[in-house]
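With positions in the sequence shown counted from 1, the corresponding number in this note's numbering is that position plus 3.
Inspection log for the structure reproduced underneath, given as structure tokens.
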Amino acid sequence: MTSTTNDLLMRVLRVESPWLFDGSEYEPMEVVEWDHCDYCPAICETCGDEPENLTIKYRTRNGLTDYESYDDFGLAEMMEALDKWDANREGRKTE
């Protein structure tokens, strides 16, 4: 994974899951893997739709690997999270 991808996905983690960044030994230090699953409509009447999903695996301060998954998270949500990151760093408000 490139450092750019790692940086972008760490920003998503910080915006979408800020409670992870508490200074503890379980705080994310680097992204090690990510996976995106497209929306999948139900294949039968009793099955539910599978939402678009983003999973980010990361290495913690103590060297363990953990992950966060975000349902209904696609490109639009990724761009919104990155906009929020930029706004927070620049002191701007976002809606």
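Heads up, the beta-carbon is just placed ideally off N, CA and C, and yes, glycines get one too.
Just so we're clear, the structure is a prediction, and the values are computed from it rather than from any experiment.
How far does the alpha helix (DSSP H) with residue i in it extend, from its first residue to its last?
{"i": "E48", "result": "Per DSSP, E48 belongs to no alpha helix (DSSP H) and is neither H nor E."}
{"i": "S6", "result": "6-19"}
Please identify the residue among the options whose C-alpha is closest to the C-alpha of residue i.
{"i": "D10", "options": "R64, I59, G66", "result": "I59"}
{"i": "D38", "options": "T63, L67, G77, V18", "result": "G77"}
{"i": "D75", "options": "N65, E93, P54", "result": "P54"}
{"i": "E3", "options": "P31, E19, T7, T5", "result": "There is simply no residue 3 to check, as the chain begins at 4 and stops at 98 in what is shown."}
{"i": "E28", "options": "E83, L67, S72, A84", "result": "L67"}
{"i": "N91", "options": "P21, T8, L57", "result": "P21"}
With DSSP as the reference, please indicate the residues paired to residue i in a beta bridge.
{"i": "R62", "result": "E33, T68"}
{"i": "D74", "result": "N56"}
{"i": "D38", "result": "T58"}
Beta-carbon separation of residue i and residue j under 8 Å?
{"i": "R64", "j": "E30", "result": "yes"}
{"i": "R14", "j": "L85", "result": "yes"}
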